[in-house]
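Worksheet for the structure shown next.
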Amino acid sequence: MANRSAATKKARVTRTIETEVLAQLPLEVDLTKRNSGGDLRFIVKRGKTIGTLILGRGSVEWWAGKAKKATGRWSWTQFANLLNGR
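Next up, the structure:
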């Protein structure tokens with residue numbers, strides 16, 4: 001391959017896409033009471049919404065971008081094992 005001068009080489013442009021996490025926290029959080037409405041919601045965005053992580057009293061749910069129902073649901077024990085790589 002012939003050598004090309006620096007002027008003819010195309011510059012490689014890299015674009016950094018940042019991930020943004022928004023937390024929706026109720027004024028008072030009590031995950032021990034049933035139907036308290038005190039679940040914690042984390043909205044994960046990377047340009048558009050990737051999904052929402054909901055931490056509730058009995059389970060953890062993942063809702064993908066525009067899903068109409070949870071795409072992942074775990075008990076707290078299952079979620080802990082998932083995070084620990086088990």
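Read in my numbering, the sequence shown has 6 at position 6, and its numbers run on one by one without any break.
Where is the CB? At the ideal position from N, CA and C, for every residue including glycine.
No experiment lies behind these values; they were computed from the predicted model shown.
(Q) Between which residues of its own chain and residue 50 is the CB-CB distance below 7 Å, once the five residues before and five after are set aside? (A) For the purposes of this step, residue 50 is taken as residue 50 along the sequence shown, with counting starting at 1. 44 and 65.
(Q) Determine whether the beta carbon atoms of residue 42 and residue 21 lie at a separation below 8 Å. (A) Residue mapping note: residue 42 aligns to position 42 of the sequence shown, counting from 1. Residue mapping note: residue 21 aligns to position 21 of the sequence shown, counting from 1. Going by beta carbons, residue 42 and residue 21 fall inside the 8 Å limit.
Q.
Please classify residue 16 as buried or exposed, where buried requires at least 16 other C-beta atoms within 10 Å of its C-beta.
A. In the sequence shown, counting from the first residue as 1, residue 16 sits at position 16. Exposed.
Q: Within its chain, find whatever has a CB closer than 7 Å to the CB of residue 62; leave out the 5 residues flanking it on each side and keep chain order.
A: The residue you call residue 62 lines up with position 62 of the sequence shown. The answer, listed in chain order, is 51, 53, 70, 71 and 72.
Q) Leaving out the 5 sequence neighbours to the left and right, which residues in its chain are closer than 8 Å to residue 68 when beta-carbon positions are compared? A) What you label residue 68 is simply residue 68 of the sequence shown in a count that begins at 1. Residues of the same chain with their beta carbon placed closer than 8 Å to that of residue 68 are lacking, with the five preceding and five following residues left out of the count.
**Q.** Assigned secondary structure, residue 55 (DSSP; H/G/I helix, E/B strand, else coil)
**A.** Translated into the one-based positions of the sequence shown, residue 55 becomes position 55. Residue state, collapsed to three classes: strand.
Q. Excluding sequence positions up to five away, which residues of its chain have a Cβ less than 6 Å from the Cβ of residue 56?
A. Here residue 56 refers to the residue found at position 56 of the sequence shown. Cβ within range, chain order: 39.
Q) Under the DSSP definition of a beta bridge, which residues are partnered with residue 64? A) To locate residue 64, count along the sequence shown from 1; it is residue 64. For residue 64, which the question treats as bridged, DSSP gives the partners 51.
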